[in-house]
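To keep things clear, I will list the structure first and then write my remarks on it.
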Amino acid sequence: MMYYVVEQALILIPVLYVLGIMLKNTNKIKDWCIPWILLFVGVLGAISLMGFNAYAIIQGVLVTGVTIYANQLLK
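Residue numbers for the sequence shown follow the working numbering, beginning at 480 and rising by one.
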């Protein structure tokens, strides 16, 4: 999976991970919403880093997937 994520977008992985931890500790946000929020933030982050194009959107989805997968592996 890491072969597909470009170096520019790697910074989003720890950002999304920390955001996910913060959202998990918030009582008002349900667990099933957290991946959707992270996806939205991941795509916006990739667009802000790489410009608005399909490649940036794909990178946002990929970094979100890596973040969620890493979180599940750590559990």
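Just so you know, even glycine gets a beta-carbon here, dropped at the ideal spot from N, CA and C.
- The C-alpha of Leu-502 lies about 17 Å from the C-alpha of Lys-554.
- At least 8 Å separates the beta-carbon of Tyr-482 from that of Thr-546.
- Residue environment for Gly-521: buried (at least 16 other C-beta atoms within 10 angstroms of its C-beta).
- Taken through DSSP and simplified to helix, strand or coil, Tyr-548 comes out as helix.
- Between Gly-499 and Leu-517 a beta carbon distance of about 6 Å is seen, short of the 8 Å cut, so the two are scored as contacting.
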